[in-house]
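All residue numbers for the sequence shown refer to our numbering, where the first residue is 77 and numbers rise by one.
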Amino acid sequence: MTQKDVRVRIAPSPTGDPHIGTAYIALFNYVFAKKHAGKFIIRIEDTDQTRYRAESEAMILDAIRWFGIQWDEGPDKGGEYGPYKQSARLPLYQQWTEELVKKGHAYYCFCTVDRLAELRKKQTESKLPPGYDRHCRNISLAEAQERAEKGEKHVVRFKVPTTGTTSFEDGIRGKVEFENSKLDDLVILKADKFPTYHLASVVDDHFMKISHVIRGEEWVSSTPKHVLLYQAFGWEAPHFTHLNLLRNPDKSKISKRKHPTSILYYKRKGILPEVLRNFLALMGWNPGNDQEIFSTDEMIEKFSWDRFSLGGPVFDIQKLLWMNGQYLKKKTDREWAQMLRNDVFNEDYLIQMIPLVKERVNAFEEFIDNTYFFFSGDLNYENSPIPPKGVVSKDAADWLVELLEKFEGLDQWTTEKIKGACEAYVAEKGIKTKDLYMTLRIVVSGSMVSPPLFETIQVLGKEMSRRRIRLASDYLKKKKDS
Ligand code: GLU
Numbered sequence: 077m078t079q080k081d082v083r084v085r086i087a088p089s090p091t092g093d094p095h096i097g098t099a100y101i102a103l104f105n106y107v108f109a110k111k112h113a114g115k116f117i118i119r120i121e122d123t124d125q126t127r128y129r130a131e132s133e134a135m136i137l138d139a140i141r142w143f144g145i146q147w148d149e150g151p152d153k154g155g156e157y158g159p160y161k162q163s164a165r166l167p168l169y170q171q172w173t174e175e176l177v178k179k180g181h182a183y184y185c186f187c188t189v190d191r192l193a194e195l196r197k198k199q200t201e202s203k204l205p206p207g208y209d210r211h212c213r214n215i216s217l218a219e220a221q222e223r224a225e226k227g228e229k230h231v232v233r234f235k236v237p238t239t240g241t242t243s244f245e246d247g248i249r250g251k252v253e254f255e256n257s258k259l260d261d262l263v264i265l266k267a268d269k270f271p272t273y274h275l276a277s278v279v280d281d282h283f284m285k286i287s288h289v290i291r292g293e294e295w296v297s298s299t300p301k302h303v304l305l306y307q308a309f310g311w312e313a314p315h316f317t318h319l320n321l322l323r324n325p326d327k328s329k330i331s332k333r334k335h336p337t338s339i340l341y342y343k344r345k346g347i348l349p350e351v352l353r354n355f356l357a358l359m360g361w362n363p364g365n366d367q368e369i370f371s372t373d374e375m376i377e378k379f380s381w382d383r384f385s386l387g388g389p390v391f392d393i394q395k396l397l398w399m400n401g402q403y404l405k406k407k408t409d410r411e412w413a414q415m416l417r418n419d420v421f422n423e424d425y426l427i428q429m430i431p432l433v434k435e436r437v438n439a440f441e442e443f444i445d446n447t448y449f450f451f452s453g454d455l456n457y458e459n460s461p462i463p464p465k466g467v468v469s470k471d472a473a474d475w476l477v478e479l480l481e482k483f484e485g486l487d488q489w490t491t492e493k494i495k496g497a498c499e500a501y502v503a504e505k506g507i508k509t510k511d512l513y514m515t516l517r518i519v520v521s522g523s524m525v526s527p528p529l530f531e532t533i534q535v536l537g538k539e540m541s542r543r544r545i546r547l548a549s550d551y552l553k554k555k556k557d558s
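In structure tokens:
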């Protein structure tokens, strides 16, 4: 393969906020592409209709754009191998599924949901590993086609060999081998004729001429299935490299319970994109010495996988802040002033808060006093009146945790939706409106007097509001009421 042929991709699913793990994987793909004068592609994997969220796709692209890496082909840009969105490629998956069926590598499975549930129950009871028992594997093609034509509901499953092993050479892990007998006859086309992730990703990687698949370690166990699919199609598989997942300081997998995981939170916090790139680079890689501060261009220049370490990379916010400080110190006063104007006191942001305080500000000297919590980061609840009078700390902590869940599920961050979620929660719990609202008011503004509550939460933004709710609930859990 010549160096020109390097083509890599990230394939995010638009199911939520743009995740910091996506930025991490994107960075390594981008650097690898640039190192080899290749192409970096974004493909949107939106075939899971139950988890799809329309606004998420644009948010992911915006977040990667802010992060500062450019893609060569993608849903917004097009390219030679589009469309770059799986929902626009459905006929292709259906066509290649039929091809596998014809070749005897896949079969129609008519098992009902009830039968599969019953099977699972029996397996659990007899302590057997869960998995499909291949009930439909030997139905003749003629019979299967006849049943399908008569409208019998079915999925298509891949016929995984029952003996032997499947292996691949991982770019940083070396040879990874799986026993075929431990793999399930996986579904490749669902009853609604949508492909599963496995089929779609193999078909797309093939037709998009992806040379190297660089993705998170959670996909290692899927790769043998993909390798088998490539073999069944008679296609050459790409090279696979699986990067370790980011960890919390206690080594657990990074999760929103312990850390904000949205890229937008770090943007909102005022972390510079070049710092986030430097920091995420250091999570797995080093330039061959103990240098910690380096640019993405320097990384490209020195990049090789043998400097990638497989230890669980710890995402330490304190370290990120330290690094941001190092970069900021090097900026001139003028650059600071410009950045503050663009990122903190920018007109779009100010215009949102002005109507909330117009009534109470008589002169601009009062403006910051009335709005400081829109500009600050984490608030210190020790010195705040939380919980408000008449509310027990533990109850307030529980409300906040539960409300956070409700907020997570909102598809839009508007005043109406936030208000709706709070009203529904009050009704559901049978608690006093004023108790919840006062608690929330203190959580987001640090004080009992603030501009209108839901508007304030909306302007503060989803990331910062959720962060404060989480911090306040942690604080309240530990607080002893006197
Ligand atoms: N859609 C998968 C994800 O959300 C892509 C995994 C892969 O890169 O193959 O992570």
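A virtual CB, placed ideally from N, CA and C, is assigned to each residue, including glycine.
Inter-residue distance for Gly466 and Arg542 is about 24 Å (C-alpha atoms, whole angstroms). Of the other Cβ atoms in all chains shown, fewer than 16 fall within 10 Å of the Cβ of Tyr448; this residue is therefore exposed. Annotation for Leu192: no residue places its beta carbon closer than 6 Å to its own, counting only its chain and skipping 5 residues before and after. Excluding its 5 nearest sequence neighbours in each direction, Gln428 has C-beta neighbours in its own chain below 6 Å: Val535, listed in chain order. For Arg213, the CB contacts under 7 Å within the same chain, skipping 5 residues up- and downstream, are Tyr183, Lys235 and Asp261 in chain order.
Just so you know, the alpha carbons of Leu547 and Val477 end up roughly 10 Å apart. Counting only unbroken stretches of 4 or more residues, the alpha helix (DSSP H) elements lying wholly within the region 128-160 are 130-143, in sequence order.
In the DSSP assignment, Thr490 falls outside any alpha helix (DSSP H), carrying neither H nor E. In this structure the region 160-169 does not lie against the region 356-370, because fewer than three pairs of beta carbons, one per stretch, are closer than 8 Å.
Secondary structure at Trp311: coil, using DSSP grouped into helix, strand and coil. Here DSSP, grouped into helix, strand and coil, assigns Ile290 to strand. Short note on Ala87: C-beta closer than 6 Å to some heavy atom of the ligand GLU. Under the DSSP assignment, Ala548 falls in the alpha helix (DSSP H) whose first and last residues are Lys538 to Lys554.
Put simply, of Ile118, Thr126, Gln414 and Asp148 the residue whose alpha carbon is nearest the alpha carbon of Ala134 is Ile118. Bounds of any beta strand (DSSP E) do not take in Phe283; it lies within the alpha helix (DSSP H) bounded by Tyr273 to Phe283.
Judged by DSSP in its simplified three-state form, Leu348 adopts coil rather than helix or strand.
Between Val107 and Phe379 a beta carbon distance of about 5 Å is seen, short of the 8 Å cut, so the two are scored as contacting. Short note on Glu121: C-beta closer than 6 Å to some heavy atom of the ligand GLU.
Measuring C-alpha to C-alpha distances from Gly150 to each of Pro88, His112, Thr126 and Ile264 identifies Pro88 as the nearest. Leu512 is positioned such that its CB atom lies closer than 7 Å to that of Val502.
Scanning Met540, Asp366 and Arg127 for the CA closest to the CA of Arg383 turns up Asp366. In this structure, the beta-carbon distance from Pro461 to Ala472 does not fall below 7 Å. Between the ligand GLU and Ser287, a heavy atom-to-CB distance of less than 6 Å is absent. No heavy atom of the ligand GLU is found nearer than 6 Å to the CB of Ser243. Within the region 466-523, the complete alpha helix (DSSP H) runs of at least 4 residues fall at 469-484, 491-505 and 509-521. Excluding its 5 nearest sequence neighbours in each direction, Ser297 has C-beta neighbours in its own chain below 8 Å: Phe254, listed in chain order.
The DSSP-derived three-state label of Glu194 is helix. Note that the C-beta distance between Val263 and Leu305 is not below 7 Å.
Ile376 sits away from Lys115, with the two beta carbons spaced by 7 Å or more. The beta carbon of Ala357 sits closer than 7 Å to those of Leu103 and Met375, all from its chain and outside the five residues before and after it, given in chain order.
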